[in-house]
Amino acid sequence: MSSQQGMESPSKNYSYLERLGFGRLHVQGLDRMRGDGLAKGESLKDLVAENFVLILCGDRGRGKTQISTYLAAQIEVNRSSIGWEHKTHARAPRYFCAHDLMQAIRGEFSDIKEQCQQSIRTLAQASGCSLLVIDEFSELTGSDYNKRTLTNLIDRRYRAMLPTIIISNTDPKNIAGEVGRSTYDRASESGGIVECNWTSYRR
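For the sequence shown, numbering that gives the first Met the number 0 assigns the number 0 to the initial residue and increments by one for each residue that follows.
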């Protein structure tokens with residue numbers, strides 16, 4: 000399929016992805032993907048191993064979130080082509096912004112029972128989903144607790160052979176310091192660090 004065309008099944012309804020955290024803008028944009036973003040998504044679909052940490056980095060507007068949504072749609076719609084159909088413990092892909100994920104996880108410290116329970120559910124979703132997308136990693140600020148928690152989460156998923164995609168607006172030469180050496184090494188040995196350096200779609 001040419002990278003100038005849309006996805007293989009333009010009539011497919013991907014609205015279920017919205018219930019899994021993926022934004023409506025990017026879900027509805029799946030059938031309109033084109034150019035470098037679609038080409039990169041297609042290449043990653045074939046190149047990534049079944050257990051990987053993938054870092055998509057580069058300036059804003061390059062379609063990094065769109066690529067991750069594309070990969071999530073492929074896993075759900077055509078898992079047999081990627082080799083994940085045997086993972087009986089894998090459920091569905093999930094999308095979180097890094098800040099929102101950490102805010103939810105921090106709910107475990109709340110005195111409110113419902114917030115504690117929601118925190119447990121969120122962490123279980125992030126830990127056991129078939130593909131975890133953590134967006135806006137470069138916007139995450141705060142104590143070392145944030146970085147340690149996400150590093151532990153990513154390591155836990157890697158050991159369980161569950162793939163993770165990290166999206167950051169940081170330059171590739173600075174990405175190791177941002178995500179931490181452990182996560183950077185995981186990505187280097189599996190999914191890779193992909194710089195999205197083509198022309199912005201927002202221009």
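Think of the CB as a built atom: it goes at the ideal place given N, C-alpha and C, for glycine as much as any other residue.
Give the straight-line distance between the Cα atoms of residue i and residue j, rounded to the nearest whole angstrom.
i, j, result
"residue 112", "residue 135", "29 Å"
"residue 138", "residue 184", "21 Å"
"residue 28", "residue 196", "20 Å"
"residue 143", "residue 154", "16 Å"
"residue 149", "residue 21", "19 Å"
"residue 116", "residue 105", "11 Å"
"residue 158", "residue 39", "26 Å"
"residue 114", "residue 103", "8 Å"
"residue 62", "residue 35", "9 Å"
"residue 59", "residue 169", "9 Å"
"residue 9", "residue 124", "Residue placement at residue 9 is poorly supported in this model, since its pLDDT is 42, which falls under 50; the coordinates still yield a value, given next. Cα to Cα, the separation comes out at about 29 Å."
"residue 198", "residue 65", "15 Å"
"residue 25", "residue 160", "26 Å"
"residue 13", "residue 200", "22 Å"
"residue 179", "residue 146", "8 Å"
"residue 100", "residue 118", "9 Å"
"residue 17", "residue 181", "31 Å"
"residue 37", "residue 43", "10 Å"
"residue 33", "residue 69", "11 Å"
Where does residue i fall in DSSP's three states?
i, result
"residue 130", "coil"
"residue 122", "helix"
"residue 67", "helix"
"residue 139", "coil"
"residue 161", "coil"
"residue 199", "coil"
Output the boundary residues of the beta strand (DSSP E) element that contains residue i.
i, result
"residue 191", "191 to 194"
"residue 93", "93 to 96"
"residue 53", "52 to 56"
Report buried or exposed for residue i, applying the criterion of at least 16 other Cβ atoms within 10 angstroms of its Cβ.
i, result
"residue 177", "buried"
"residue 121", "buried"
"residue 156", "buried"
"residue 97", "buried"
"residue 41", "buried"
Give every residue of the same chain whose Cβ lies closer than 7 Å to the Cβ of residue i, excluding the five residues on either side of it in the sequence, and list them in chain order.
i, result
"residue 67", "55, 132, 164 and 166"
"residue 19", "91, 92, 93 and 94"
"residue 192", "54, 56, 171, 174 and 186"
Quick one: residues in its chain with C-beta nearer than 6 Å to the C-beta of residue i, no 5 flanking neighbours on either side, listed in chain order?
i, result
"residue 130", "71, 74, 92 and 162"
"residue 51", "162, 189 and 190"
"residue 57", "194, 195 and 196"
"residue 127", "none"
Got a sec, what are the start and stop residues for the alpha helix (DSSP H) residue i sits in?
i, result
"residue 183", "180 to 188"
"residue 24", "23 to 27"
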